[in-house]
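For reference, the structure discussed in these notes is given below.
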Amino acid sequence: VDIQNLFSQIEQNIDDVLFQESTLGKDLWRTLLEQHPADIAMLLARLDVQHQQHLVQQLPPRFALEVFERLDHPQQAAILVTLDQEHAAHILQHMRADKITDLFADHLADDDLKKYLKLLQKKQRHRVISLLNFDRKSAGGIMNSEIFTLQDTMSVRQGIKLLQGVQPQRKQLQQRVFITDQENRLLGYINLDELVVNKPDKLLKDMLRESEIVFDANEDQERV
């Protein structure tokens, strides 16, 4: 598909495409849904706010999220405030807390911030508020808080069982699994494959590796 030609056709027939009132509109809409989210994000940036709103709300929810995440923060904010509560909630509830914090901190008015915080799930809201409390120029202001961790007093068997039960998303689970104490303080890490090769009763604290680079959340992000 010639993306630029497709975009031009859609822009010239935008109302028809959004409401699919003709064969041409339906065909263009089907073709649009076959495109990569990054390409649709480029199209969104070319439309006025009203058409942006309709397009996002017409997209399948998961696809709408993928498109929204590829917009820059000013564009996200401009679209977010036009969406109805249902669509805004779906997008925000499926975004990472650090990405939401970036959007909320710099691009939403205080009244809008309070409104959208209420749409978040409780645990997610607490994470965002926690990140908002950090200075924007600190490490805490840019960190990703959605990291899967295990406690040092767990055994290998318990760690594997928790992993299988929680089934963290791939983006939350890296090759390293960070280990904390009961106060949620970082102690070190183990490699994911070590959970498989060690005996089930072995404690994670006896397998710890020291983290080479550790910063305080309040340190300047440029130093980090």
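So for the sequence shown, the numbering used here puts the first residue at 1; every next one is plus one.
Every residue gets a Cβ at the ideal spot worked out from N, C-alpha and C, and that includes glycine.
Neighbourhood of residue i by C-beta distance below 6 Å, restricted to the same chain and skipping five residues each side
i	result
Leu203	Ser155
Asp39	Ile3
Phe215	Ala139 and Val224
His54	Leu18
Arg70	Pro37, Ala38 and Ala41
Val67	Pro37, Ile40 and Ala41
Ile10	Val17 and Leu28
Contact set for residue i: own chain, Cβ-Cβ below 7 Å, skip 5 residues either direction
i	result
His253	Only positions 1 to 224 of the chain appear in this structure, which leaves residue 253 out of reach.
His94	Leu65
Leu92	Ile100, Tyr116, Leu119 and Leu120
Arg209	Gly188, Tyr189 and Ile190
Leu186	Phe178, Thr180, Ser211 and Val214
Gln124	Gln93 and Ala97
8 Å contact criterion, which residue i and residue j should meet: CB distance rounded
i	j	result
Ile179	Gly165	No, Ile179 and Gly165 are not in contact; Cβ-Cβ is about 18 Å, not under 8 Å.
Asp16	Ser22	5 Å
Leu195	Ile160	5 Å
Thr82	Val49	6 Å
Gln75	Ala45	6 Å
Arg157	Asp201	7 Å
Trp29	Gln20	5 Å
Cut-off 8 Å between Cβ atoms - residues of its own chain near residue i, not counting five sequence neighbours on either side
i	result
Ala88	Leu80, Tyr116 and Leu119
Ile14	Leu47 and His51
Asn218	Phe134, Asp135, Ser138, Ala139 and Gly140
Leu132	Thr101, Phe104 and Ala105
Identity of the residue in the options nearest residue i by Cα
i	options	result
Gln221	Gly159, Pro61, Glu194 and Ala139	Ala139
Leu6	Asp27, Thr23, Lys114 and Glu21	Asp27
Pro60	Leu43, Phe215, Leu33 and Glu69	Leu33
Val177	Leu83, Pro200, Asp110 and Gln151	Gln151
Asp110	Ala97, Ala77 and Thr31	Ala77
Asp84	Arg30, Lys122 and Gln58	Gln58
Asp98	His126, Lys114, His90 and Glu86	His126
Thr153	Gln35, Glu183 and Met143	Glu183
Leu192	Gln175, Lys199 and Asn198	Gln175
His90	Lys114, Arg62, Asp112 and Leu113	Arg62
Bridge partners - residue i, DSSP secondary structure assignment
i	result
Tyr189	Phe178 and Arg209
Leu150	Ile179
Thr220	Rather than Thr, the amino acid found at residue 220 in this sequence is Asp. Per DSSP, Ser138.
Leu203	Ser155
Residue i CB to nearest heavy atom of the ligand SAH below 8 Å
i	result
Leu187	Judged by which ligands are present, the structure shown has none, so any question about the ligand SAH falls away.
Where are the beta strand (DSSP E) runs, 3 residues long or more, that stay fully inside the stretch 58 to 94, in chain order? none
For a minimum of 3 consecutive residues, which ranges assigned as the beta strand (DSSP E) are wholly contained in the stretch 21 to 53? none
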